[in-house]
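Chemist:
Number of protein chains: 2
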Amino acid sequence: MRISELAAESGVPLATLKYYLREGLLMPGRSQSRTRSDYGPEHLERVRLVRALVEHGGIGIAGAHRILEALDSPPPSRHELLGIAHGALPGTVVEDDAADPDPDVAAFVASLGWGVEDCAPAVHRLSEAVVRARAAGIDLPEADLERYAAAMREVADVDLEVAGRAATASEAMHTVVVGTVLVDPVLLALRRLAQESVSATRG
Amino acid sequence: MRISELAAESGVPLATLKYYLREGLLMPGRSQSRTRSDYGPEHLERVRLVRALVEHGGIGIAGAHRILEALDSPPPSRHELLGIAHGALPGTVVEDDAADPDPDVAAFVASLGWGVEDCAPAVHRLSEAVVRARAAGIDLPEADLERYAAAMREVADVDLEVAGRAATASEAMHTVVVGTVLVDPVLLALRRLAQESVSATRG
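Quick mapping for you: the protein sequence lines, in order, are chains A and B.
Per the working numbering, residue 7 is the first one in the first sequence, and the count goes up by one each step.
Per the working numbering, residue 7 is the first one in the second sequence, and the count goes up by one each step.
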């Protein structure tokens with residue numbers, strides 16, 4: 007199909023498609039003449055993925071580049087794959103001069119017995135989030151954090167089962183990277199729905 | 007304290023404090039002279055809250071205004087309070103011309119038996135998130151969504167218990183509004199930590 011048809015089919019404006027092409031987020035079409043290129047289903051799939059990541063996943067162009075590169079060359083083991091997938095996600099780069107995680111948060115993570123490394127990016131991210139919430143007057147005592155952690159472990163069980171069902175490593179990578187970013191808003195919407203339900207039951 | 011001391015104490019630059027004052031997000035200090043105002047602990051608390059909401063909660067100035075107004079005049083019942091709190095949160099305004107929620111998602115929500123209204127903003131939000139994930143190749147079969155929902159209901163149980171512990175309606179409102187926005191990143195960080203742990207156990 008022509009690029010105008012790709013725009014109509016994907017619902018992404020022509021100017022945005024040209025921007026994706028310039029930024030290297032969309033591979034060029036097959037050249038048909040000096041002024042015309044042909045685009046196939048793989049282009050349509052890529053456009054939908056880029057749009058989902060950039061517009062709705064809260065990921066910048068650089069983040070989308072990292073994720074697309076990782077998707078194009080998945081590693082052999084599933085666990086290694088998860089590590090790379092996590093590294094490609096936004097908010098997981100720990101700066102060299104980043105402060106150490108809050109000692110209480112680090113101790114809490116150790117107490118979970120999950121066997122994750124002290125220096126894992128998610129520990130830094132958790133520490134930052136807890137410190138910010140506390141600074142804004144949300145206490146988050148350890149007993150509450152433990153229950154949140156137990157619930158999110160059930161979420162992770164589903165996440166990993168879904169990734170395990172993938173037929174190929176590339177598909178598993180796609181599920182981990184895209185699923186982590188795009189299931190986040192699903193979970194947060196479910197949290198609000200559940201709050202309404204629990205509140206009505208109690209109220 | 008002087009505004010320069012408020013800046014030092016809160017870690018928020020003077021220019022940003024002046025911006026908060028201009029935008030009405032920070033109440034004026036007590037006027038001491040034509041060029042000097044006095045700020046107290048209530049200003050420090052407000053600055054920390056505004057910073058948390060605007061810089062880390064992904065909320066714009068307009069969203070912060072709505073939340074601060076709701077905090078300043080909490081409603082009498084806790085359930086009503088939750089409704090107002092949710093309305094003040096980002097992503098919960100449903101435009102008049104918004105599409106109806108996806109019928110499959112609406113049917114899924116009904117099947118949960120949570121007693122939430124079809125037209126609740128969180129149903130729209132869930133529908134949008136599920137449709138976007140599916141468009142990007144993440145299937146989300148109903149059995150997976152049910153398990154995600156069960157986990158997020160446990161999260162909501164904690165959320166409402168925390169709000170129930172608050173001594174005053176104003177404090178409960180603060181917990182619901184600020185806690186919902188600022189605990190989101192805590193939950194997402196825990197999800198990633200749990201993924202690493204589950205993956206290592208299985209790998």
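We put the beta carbon where it would ideally sit given N, CA and C, even for glycine.
Using a cut-off of 9 Å between C-beta atoms, extract the partners of Pro19/A located in chain B.
Modeler: Residues of chain B passing the Cβ test: none, with the nearest at roughly 16 Å.
Chemist: Work out the CA separation of Glu202/A and Arg4/B for me, nearest whole Å.
Modeler: Given that chain B is displayed from residue 7 to residue 209, the structure contains no residue 4/B and the question cannot be resolved.
Chemist: My output table needs one value for Asp145/B: the three-state DSSP class, helix, strand or coil.
Modeler: Three-state result, Asp145/B: coil.
Chemist: Thinking just about the alpha-carbon of each residue, which of Val56/B, Asp110/B, Arg36/B, Asp124/B is nearest to the one in Val184/B?
Modeler: Among Val56/B, Asp110/B, Arg36/B, Asp124/B, the Cα nearest to that of Val184/B belongs to Val56/B.
Chemist: Just mark Asp165/A as buried or exposed, buried being the case when its beta carbon has 16 or more other beta carbons within 10 Å.
Modeler: By the 10 Å Cβ count, Asp165/A comes out buried.
Chemist: Quick check on the DSSP output: the beta strand (DSSP E) that includes Arg36/A runs from which residue to which?
Modeler: From DSSP, the beta strand (DSSP E) with Arg36/A extends over 36 to 39.
Chemist: Take Ala142/A as the anchor and find which of Gly35/B, Ala173/B, Leu74/B has the nearest alpha-carbon.
Modeler: Taking only the C-alpha atoms, the option nearest Ala142/A is Leu74/B.
Chemist: In its own chain, which residues sit with a C-beta less than 7 Å from the C-beta of Ala155/B, not counting the 5 before and 5 after it?
Modeler: Contacts found: Leu118.
Chemist: Suppose contacts are defined by Cβ-Cβ distances below 8 Å. Is Ala157/A in contact with Ala157/B by that definition?
Modeler: For Ala157/A and Ala157/B, yes; Cβs fall inside 8 Å.
Chemist: I need the boundaries of the beta strand (DSSP E) containing Ser43/B, first residue and last residue.
Modeler: Unbroken beta strand (DSSP E) run through Ser43/B: 42 to 44.
Chemist: Taking the C-alpha atoms as reference points, what is the distance between Asp128/A and Val115/A?
Modeler: Strictly speaking, residue 128/A in this sequence is Ala, with Asp absent from that position. Roughly 10 Å separates the two Cα atoms.
Chemist: In terms of alpha-carbon separation, which member of Thr207/B, Pro47/B, Gly30/B, Ala113/B lies closest to Glu167/A?
Modeler: Looking at the Cα atoms, Thr207/B is the closest of the given residues.
Chemist: Please return the same chain residues whose Cβ sits closer than 7 Å to the Cβ of Pro19/B, not counting the five positions on each side in sequence.
Modeler: Closer than 7 Å at the Cβ level, and outside the excluded window around Pro19/B, lie Ala13.
Chemist: Using a Cβ-Cβ cut-off of less than 9 Å, list which residues of the segment 26 to 37 of chain B approach chain A; keep chain order.
Modeler: Listed in sequence order: no entries.
Chemist: Can you pull the chain A residues whose beta carbon is under 8 Å from the beta carbon of Pro109/B, in chain order?
Modeler: Within 8 Å Cβ-Cβ: nothing; Pro109/B doesn't reach chain A, min ~17 Å.
Chemist: Between the segment 170 to 181 of chain A and chain B, which residues of the former have CB atoms less than 8 Å from a CB of the latter, in chain order?
Modeler: Listed by position, the residues of the segment 170 to 181 of chain A near chain B (Cβ gap below 8 Å) are Gly170, His180, Thr181.
Chemist: By alpha-carbon positions, which one of Ile67/A, Pro107/A, Ser39/A, Lys24/A ends up nearest to His49/A?
Modeler: If we check each option's Cα against that of His49/A, Lys24/A comes out closest.
Chemist: Under the rule that 16 or more other beta-carbon atoms within 10 Å means buried, what is Arg54/A, buried or exposed?
Modeler: Under this definition Arg54/A is a buried residue.
Chemist: Check for me: the alpha helix (DSSP H) holding Ser16/A runs from which residue to which?
Modeler: Run containing Ser16/A: 9 to 16, per the alpha helix (DSSP H) assignment.
Chemist: Considering just the uninterrupted stretch of the alpha helix (DSSP H) at Pro47/B, what are its terminal residues?
Modeler: First-last of the alpha helix (DSSP H) with Pro47/B: 47 to 57.
Chemist: Tell me the DSSP secondary structure of Gly66/B in three-state form.
Modeler: Looking at Gly66/B - three-state DSSP - the assignment turns out to be coil, as it is neither helix nor strand.
Chemist: Under a three-way DSSP split, which group does Met33/A fall into?
Modeler: Reduced to three states, the DSSP call for Met33/A is coil.
Chemist: Output the boundary residues of the alpha helix (DSSP H) element that contains Asp108/A.
Modeler: Looking at the DSSP string, Asp108/A is not in any alpha helix (DSSP H), and its letter there is neither H nor E.
Chemist: On the criterion of 16 or more Cβ atoms from any shown chain inside 10 Å, does Ala169/B qualify as buried, or is it exposed?
Modeler: With 16 or more other Cβ atoms within 10 Å, it is buried.
Chemist: Does DSSP put Asp190/A in a helix, in a strand, or in coil?
Modeler: It is helical.
Chemist: In angstroms with no decimal places, state the Cα-to-Cα distance between Trp120/A and Ala104/B.
Modeler: Each residue's Cα considered, the two are about 43 Å apart.
Chemist: Whole angstroms is fine: what's the gap from Gly17/A's alpha carbon to Arg28/A's?
Modeler: C-alpha separation (whole angstroms): 19 Å.
Chemist: Compute the beta-carbon to beta-carbon distance between Val137/B and Ala139/A, rounded to the nearest angstrom, for a pair I have assumed lies under 8 Å.
Modeler: Between Ala139/A and Val137/B the Cβ distance is about 30 Å, and since that is not below 8 Å, they are no contact.
Chemist: Could you give the distance in angstroms between the alpha-carbon of Ala178/B and the alpha-carbon of His92/A?
Modeler: Straight-line Cα distance between these residues: approximately 35 Å.
Chemist: Using a 10 Å radius around the Cβ and a threshold of 16 neighbouring Cβ atoms, would you call Thr186/A buried or exposed?
Modeler: By the 10 Å Cβ count, Thr186/A comes out buried.
Chemist: Is the beta carbon of Leu59/B sitting closer than 8 Å to the one on His180/B?
Modeler: Going by C-beta atoms, Leu59/B is not nearer than 8 Å to His180/B.
Chemist: Could you compute how far the alpha carbon of Glu15/A sits from the alpha carbon of Arg153/A?
Modeler: If you take the alpha carbons of Glu15/A and Arg153/A, they lie about 45 Å apart.
Chemist: Does the CB of Val183/A have a neighbour CB from chain B at under 8 Å?
Modeler: It does not; no Cβ of chain B falls within 8 Å.
Chemist: Can you pull the chain A neighbours of Asp150/B, defined as C-beta to C-beta under 7 Å?
Modeler: Correct list: Val164, Val168.
Chemist: Please list, in chain order, the chain A residues whose beta carbon lies closer than 7 Å to that of Asp190/B.
Modeler: Correct list: Leu194.
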